[in-house]
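To start, the structure itself, in structure tokens.
Numbering (our numbering), first residue to last: 45 to 466.
Printed below as a string of structure tokens:
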């Protein structure tokens, strides 16, 4: 049971109560706590939350109300005591308390949290309104990268409404085939021969009112709204249909890569559904390639599911290599066939003065050597200049994709331009 502290008796300072002194609300959400539940079980996760709640109580003002809203989210209300800056400092102390490693049973955990805070100097807003505003600020903290506190601002209400509208429209587009979502295919090219040997399927969304909504906007929304699995299934279904269409039209099909979210990997039935989709479409497993981000947590059944799909013939690649913090460990432990170097590596190969920086070239060469030592294929993404391609050829990179060769194009154009007739 999460502890609760009660405010001092109303009217203790002249009968005005908490409201006249102003009030503060904070909503806190642990970052990626689902990894703890997946690794140790929900009972252990509940014990962690109880221990953390005890710690939060001691970081809060003595009259604060602390409640667990559900899952790994907490809400706090307390009477304002100082300036907005002072109340913000209290919120930051709460986040600092979360970051201190805690021990439960025989395990020590390092957690982080995101939080939204709102200060009502006049004390006139009902608690429900304050908490709603604090939650709007919480969502802003998550969008900004998590592990931070964001203070509520008035324009967050409009942003929250826009977010809800986009989630609603994305739900209809994914689940009811409302027009707007479409796939484009970006060729993957052999660095040495220049032949197109694969493609990546990229999802695009043309909103009927807002126009093009970038993936950096709608993919996080899908994850937050519980639509990630639906979105992934939508993409795979469309890819398998296009692969079969190309084959029946007499084209020499190349493997197509699709992105897999961390949420999908946590589902024990993921591998079974992918295999079922391949069987239903009548498409060889070798035509499908799964790409998972370097930061995706591989806990629970995820490694086993990936291994099962690989045995069937599906290739697995580590995406955004070098963007996260656990790269070398992933290369050692992940059951995969290759990796994609993040475009930050490729940008370092620009040669404005006619010569590539040896340090940058050596870094890329090291990645290629590491991958090849593990029997992996290396794909460079975001290649836009001929100097970058020349450098990749020099270090023995296998494949590349990027605007230097082609942007993403629709299925019909991809087949016509890049798939040879059998």
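Each residue gets a CB set at the ideal place from its N, CA and C atoms; glycine is no exception.
- Sorting 456, 466 and 444 by C-alpha distance to the C-alpha of residue 240 places 444 at the top.
- Assignment of residue 158 by DSSP, reduced to helix, strand and coil, places it in the strand class.
- For residue 265, the CB contacts under 7 Å within the same chain, skipping 5 residues up- and downstream, are 207, 210, 211 and 214 in chain order.
- Taking C-beta separations shorter than 6 Å and ignoring five residues to either side along the sequence, the partners of residue 352 in its chain run 315, following chain order.
- Proximity to residue 345 across 75, 79 and 70 peaks at 79, based on C-alpha coordinates.
- Per the Cβ contact rule, the segment 83-98 is not in contact with the segment 170-184 (fewer than 3 Cβ pairs under 8 Å).
- Annotation for residue 384: no alpha helix (DSSP H) segment contains it, though the beta strand (DSSP E) segment containing it runs 382-385.
- Taking C-beta atoms under 8 Å as the contact rule, residue 141 and residue 103 qualify, at a distance of about 4 Å.
- Of 297, 326 and 349, the smallest CA-CA separation from residue 309 is found for 349.
- Considering only 262, 97, 379 and 105, the residue with the shortest C-alpha distance to residue 112 is 97.
- Within the model, the alpha-carbon separation for residue 135 versus residue 198 is close to 19 Å.
- Of the residues assessed, residue 432 falls on the buried side of the cut-off, its CB having 16 or more other CB atoms within 10 angstroms.
- In this model, residue 192 and residue 69 are separated by some 16 Å (Cα to Cα).
- The shortest C-alpha to C-alpha distance from residue 128 to any of 164, 288 and 281 is the one to 164.
- CA-to-CA, the gap between residue 278 and residue 363 works out to about 20 Å.
- Minimum Cα-Cα distance from residue 287 among the listed residues 92, 325, 415 and 167 corresponds to 325.
- For residue 92, the uninterrupted alpha helix (DSSP H) segment begins and ends at 86-103.
- As for any alpha helix (DSSP H) of minimum length 4 sitting wholly inside the segment 145-222, the runs are 171-187 and 199-219, ordered along the chain.
- It is roughly 44 Å from the alpha-carbon of residue 420 to the alpha-carbon of residue 94.
- Residue environment: residue 461 is assigned as exposed (fewer than 16 neighbouring CB atoms within 10 Å of its CB, all protein chains considered).
- Counting the other Cβ atoms within 10 Å of the Cβ of residue 447 gives fewer than 16, which makes it exposed.
- Under the three-state reduction of DSSP, residue 401 is assigned to coil, being neither helix nor strand.
- Rounded to the nearest whole angstrom, the CA to CA distance from residue 327 to residue 298 is 12 Å.
- In this structure, 224 is the residue among 236, 232, 389 and 224 with its C-alpha nearest to the C-alpha of residue 247.
- Counting of Cβ neighbours within 10 angstroms places residue 245 among the buried residues, the total reaching 16 or more.
- When 382, 437, 243 and 281 are compared, the shortest CA-CA separation from residue 452 is found for 243.
- For residue 73, the three-state secondary structure derived from DSSP is strand.
- For the pair residue 161 and residue 67, the CB atoms are not nearer than the 9 Å cut-off.
- In the DSSP annotation of this structure, the continuous segment of the beta strand (DSSP E) that includes residue 119 starts and ends at 117-123.
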